[in-house]
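Before any comments, here is the structure.
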Amino acid sequence: MTTILLIEQILNGLQFGVMLFLTAAGLTLVFGVMGLINLAHGSLFMIGAFAAAAVAGATGSFLLASAASIAAAAAAGAVVEIAVIRRLYGRDHLDQVLATFALILIFSEGTRWLFGSSPLFLDVPSWLSGPVTLPGGILYPLYRLVLIAVGLVIAAGLFLLISRTRLGVRIRAGEADREMIAALGVDISKLYTVVFALGAALAGLAGALVGAIQSVQVGMGEPVLILAFVVIVIGGIGSIKGALVGAILVGLTDTLGGVLLPELFRLFMDNAAATATGSALATMLIYILMAVVLILRPTGLYGERA
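Numbering-wise, my numbering comes out as the position in the sequence shown, counting from 1, plus 808.
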C-alpha cells in the first residue's frame, strides 16, 4: 500500500468518524440526561436524509436541503418526545426498548408510504464537487473534507453549548440530579424536549450529509444506530468528548481495517481468500475494540466511574 493511499484512507476514516459523532452525540445526550434507551434514533437520521433529498429535488439547493433535514428531524423528535417518550421516563428500560422499537417500524412504514420503496439520491452540490490537491500531491474529494470540517465545528459548538451556556448548565445539572433542578424551578419537561430535539437535529443533519455520498433509503438509519451505540459505549455514556473520541476511533478502525487486513492476509494466501478473510475480520474489529475498552474501563474512555 502506498503512502498516498494510506493517507486517503485515514481521511476517509476521519470523515466517517465525525459523521458517526453527529449521530452518537445526540444519542449520548438523550441517554445521559434522560436515562432513555432510544432505538428510534436511527429513524431520525433517516428522516433527515429523506427531508434533505425531497427539498433538494424540489429546490435544487443543498443548503436548503440541509436546513430542512435539521428542521424535520428536530420537529419529529419533539413530537415523539411529547407524545410517546414522556410517558416512558418512569418505566424500566425494557418498556423503553419496546416502545422505541415500535417507533422504528412506524417511521419506516410511514417513510415508505410517503416516498416509496425506491432509493432517492441527493447529489453533491457543484460548488463542493471535485477533488482538491492536498500537500504531497494527494487528490481528495472536497465534499469529504467539508464533512470533516463541519463535524469538527459542530463538535466545538456542542462543547461550548454544554460548558458555557445556561442551557448547558441545565443539561449537566439534569444529568447529575434531575430532582434537584426540578425543585429549583427548572421546567424539566421542557428541558427534556429541547435535549431530545437537539439530538434529533444532529442525527437529521448527519443523515443529510451522508445522503449525498450514499443512496437515501428506508432502513438506512439502523446500521448507523448500531455503530452509534458502539461509539457511546467506547467513549462513555453521557460524554460529548467521549462520543467524539469514540466515533473517530470507530471510523478509523473500520476504514483502515477494511484496507489493511486484506493486504496483510495476501502475504499468506491467494488474493480472493485474503480479501474474503480480511473483510470478514475487518467487520469485527470495532466490536473487538469495544470489548477491549470495556475490559480496561467498564464505563468507557470518558464515562464517570462509580
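The beta-carbon is built from N, C-alpha and C at its ideal position, and this holds for glycine as well.
Contacting residues, own chain, Cβ-Cβ under 7 Å from Gln1022 (five flanking each side not counted): Listed in chain order, the non-local C-beta contacts of Gln1022 below 7 Å within the same chain number zero, local neighbours out to five positions each way being set aside.
Where Arg978 falls, given that 16 or more other Cβ within 10 Å makes a residue buried: Arg978 should be labelled buried.
Supposed contact pair Gly1059 and Ser1087 - C-beta distance, whole angstroms, cut 8 Å: Distance from Ser1087 to Gly1059 at the Cβ level is roughly 17 Å; contact not present, criterion being Cβ atoms closer than 8 Å.
Among Val887, Thr810, Gly982 and Pro949, nearest to Ala1009 - alpha-carbon criterion: Ranked by how close their Cα comes to the Cα of Ala1009, the residues Val887, Thr810, Gly982 and Pro949 have Val887 in first place.
Short CB-CB distance (under 9 Å) between Leu955 and chain C: Protein chains in the displayed structure number just one, and chain C is not present.
Boundaries of the beta strand (DSSP E) in which Ala941 is found, first to last residue: Sequence inspection shows Thr at residue 941; the Ala mentioned does not correspond to that position. For Thr941, the enclosing beta strand (DSSP E) begins and ends at Pro939 to Leu942.
Sufficient close CB pairs (3 or more, under 8 Å) joining the segment 818-836 to the segment 956-973: These segments touch.
Pro1031 in three-state terms, based on DSSP: Assignment of Pro1031 by DSSP, reduced to helix, strand and coil, places it in the helix class.
Residues of its chain near Val1101, where Cβ-Cβ distance is below 8 Å and the 5 sequence neighbours each way are ignored: The beta carbon of Val1101 lies closer than 8 Å to those of Val1041, Ile1042, Gly1108 and Leu1109 in the same chain, with the five residues before and after it left out.
Asp900 burial status per 10 Å Cβ neighbour count (16 or more: buried): The residue is exposed, with fewer than 16 neighbouring Cβ atoms inside 10 Å.
Contact belief for Leu992 with His849 at Cβ below 8 Å, rounded distance in angstroms: For Leu992 against His849, the beta-carbon gap comes to about 29 Å, at or over 8 Å, which does not count as contact.
Rounded straight-line distance, which links the Cα of Ser869 to that of Pro933: So the two alpha carbons sit approximately 8 Å from each other.
Ala963 and Ile1048 closer than 9 Å at C-beta: Taking 9 Å as the cut-off, the beta carbon of Ala963 is found closer than this to the beta carbon of Ile1048.
Pro1070, enclosing alpha helix (DSSP H) - first and last residue: Ile1048 to Phe1073 is the extent of the alpha helix (DSSP H) around Pro1070.
First through last residue of the beta strand (DSSP E) which encompasses Tyr948: For Tyr948, the enclosing beta strand (DSSP E) stretches over residues Ile946 to Pro949.
Separation of Ala832 from Ala862, as counted between CA atoms: Between the alpha carbons of Ala862 and Ala832 lies a gap of roughly 25 Å.
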